[in-house]
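A quick write-up on the structure given underneath.
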Amino acid sequence: MSERAITAETGQVCPSCGDQCSRDEADVGIGTIYGPWACYCGWSGDPRYDVRDGARTERGYAVDQWGGLTPRSAPAKGGDHVSGPECRTNHHEESPSGA
Numbered sequence: 326m327s328e329r330a331i332t333a334e335t336g337q338v339c340p341s342c343g344d345q346c347s348r349d350e351a352d353v354g355i356g357t358i359y360g361p362w363a364c365y366c367g368w369s370g371d372p373r374y375d376v377r378d379g380a381r382t383e384r385g386y387a388v389d390q391w392g393g394l395t396p397r398s399a400p401a402k403g404g405d406h407v408s409g410p411e412c413r414t415n416h417h418e419e420s421p422s423g424a
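First residue of the sequence shown? That's 326 in my numbering, and the numbers climb one at a time after it.
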């Protein structure tokens, strides 16, 4: 059996550290999309998201073991960042990345 396999027999136990694993799920109206099984130790059931060797970034995003991409840029001054017409700051023109 692969090190990455999480099955009914193995339960949701991390094959790397033995702790409990979890995954994100999103109901998209016509079905459910499941993310990879992952653990807080950095192990991921999808090798693209395994971060046991340390944090990594991809195209300006922090990658987590659950397959999430979090923007590395700070929120706009005064609160959470929003994009598009809701954004009332001028930092989009000032930032070379557009963030």
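Positions of the beta carbon are idealized from the N, C-alpha and C atoms, including for glycine.
Simplified DSSP assignment, three categories, for residue i
i: Y359; result: strand
i: R381; result: strand
i: Y437; result: Not covered by the structure: residue 437. The range shown for the chain is 326 to 424.
i: P396; result: strand
CB of residue i within 8 Å of CB of residue j, strictly
i: G370; j: W362; result: yes
i: R377; j: W391; result: no
i: G385; j: R373; result: no
i: D344; j: Y359; result: no
Length of the line joining the Cα atoms of residue i and residue j
i: C339; j: S347; result: 9 Å
i: R381; j: D349; result: 20 Å
Per DSSP, the bridge partner or partners of residue i
i: Q345; result: V338
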